[in-house]
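Scroll down for the structure; my scribbles are underneath it.
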Amino acid sequence: MSQRTPLSAIVLVSPVQLMIGGIIFLPAIYVFWLSLNQSSFGQAASFVGFANYAKVLGDAYFWKALLNTVIVVAVVVHVELLLGLGMALFFASGVPFRPLLLAIVLAPYAVSEVSAVVMWRFLFEPDVGMMSRLLMSLGLPPIEWAVNPSHGLAMVSLLSIWLHLPFSFVILYAARLSIPGDLYEAAAIDGASPWTSFRRVTLPLLMPALLIAALFRYIFAFRLFSEVWLMTGGGPARSTEVMAVYLYLEAFRYNAFGPAAATGWLLVLASLLLALFYLRRLYREMFARA
């Protein structure tokens, strides 16, 4: 028989609940209300229903930004997970000078996004950048991220991977260290090869951590803004816009608060649908077999 929550416990947690409601839910409700109205600077809001959603969904730039977001997110998240998994297995194998190498791997996470973009813009400057000169010395063309949309998206993806790879690596490395060594000894006694041990022991036990890392990185990557805005500004000709940049332009360049709020809610719904998929997978992996 379930017990009632004591009134004293409710009183103790109520300030936190009120703070969460004031910081998250009230602004979210206001943004939803704003998405149903036509509003701008110095203009009173007028109710238009779902016209803002229809306007956004009928905008070709929105679909271009959505396609760019999907491409960048898919590349960034999957490459990060593969690299993070490989690095986690490499460090767990007993690599020498591990503290020094860990500091080097985690260093990008301490760099601000603005500083990272400035550094990468200088390194990959098509004419005098160090990396551009290295590419040309190898017979490869430089990355013309300022004029070529595909190069711009590639540069943004590489920068985002470099910045956020430590996040995925830490989650996977901690999960790998938590796997008992006795399982590998038992697999070796049974004659399992390293590849078989990875498929039968390491990967199944790392799956919850992989799903958690993928979930957080998908949600964070959907909000990608600084790297694109500071690197390309969405150009040339709005060809490298992502969803967050499209929202920013609608709100603060075109002063269309209603479509910007509608874009924000569409972004939230996309993130929730993606999170629901991964949370169901995570539940099955962690609890369904219990």
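Residue numbers (full-length UniProt numbering): 1 to 290. For each residue, glycine too, the CB sits at the ideal point set by N, CA and C.
- Going by C-alpha positions, Leu101 is about 34 Å away from Val242.
- In the structure shown, Asn37 adopts extended strand secondary structure according to DSSP, grouped into three states.
- If you look at Ala44, you'll find it in the beta strand (DSSP E) that goes Gln43 to Phe47.
- Around the beta carbon of Asn68, 16 or more other beta carbons lie within 10 angstroms, which makes this residue buried.
- Put simply, the stretch 237-252 does not touch the stretch 28-43. Fewer than three CB pairs are less than 8 Å apart.
- Within the stretch 125-193, the runs of alpha helix (DSSP H) that reach at least 4 residues and sit entirely inside it are, in chain order, 130-137, 149-177 and 181-189.
- For Asn68, the enclosing alpha helix (DSSP H) begins and ends at Ala60 to Ala92.
- Inter-residue distance for Ser157 and Ile10 is about 45 Å (C-alpha atoms, whole angstroms).
- At the C-beta level, His164 and Glu250 stay beyond 8 Å of one another.
- Put simply, the backbone Cα of Phe167 is about 42 Å away from that of Val48.
- Note that the stretch 188-200 does not touch the stretch 133-145; fewer than 3 beta-carbon pairs, one per stretch, sit closer than 8 Å.
- A check of alpha carbon separations from Gly181 across Val170, Gly234, Leu205 and Trp162 identifies Leu205 as the nearest.
- CA-to-CA, the gap between Glu113 and Pro15 works out to about 34 Å.
- Apart from sequence neighbours up to five positions away, the residues of its chain that approach Leu106 with a beta-carbon distance below 7 Å are Pro166, ordered along the chain.
- The Cβ-Cβ distance between Arg223 and Leu89 does not fall below 8 Å.
- The Cβ-Cβ distance between Val73 and Ala213 does not fall below 8 Å.
- A Cβ-Cβ distance of about 25 Å is found for the pair Ala154 and Leu215, leaving them out of contact under the 8 Å criterion.
- Judged by DSSP secondary structure, Leu205 falls within the alpha helix (DSSP H) whose first and last residues are Leu203 to Phe222.
- Leu247 places its beta carbon less than 8 Å from that of Thr263.
- Closest in C-alpha terms to Leu172, from the list Trp265, Asn148, Leu140 and Arg217, comes Arg217.
- DSSP places Val11 inside the alpha helix (DSSP H), whose first and last residues are Leu7 to Ile20.
- Separation of the CB atoms of Leu230 and Val117 is rounded to 4 Å, and the pair is thereby assigned contact status at 8 Å.
- Judged by DSSP in its simplified three-state form, Val242 adopts coil rather than helix or strand.
- Per DSSP, reduced to three states, the secondary structure at Val111 is coil, with no helix or strand assignment.
- Our two residues, Leu123 and Leu12, have alpha carbons roughly 53 Å apart in a direct line.
- With respect to Val201, Ala187 sits close: the two C-beta atoms are nearer than 8 Å.
- Note that the C-beta distance between Leu34 and Ala261 is below 8 Å.
- Shortest Cα-Cα distance from Ala270 to any of Trp120, Tyr109 and Ile219 involves Ile219.
- Looking only at Ser239, Pro99, Val77 and Gly258, the smallest Cα-Cα distance to Pro149 is reached by Ser239.
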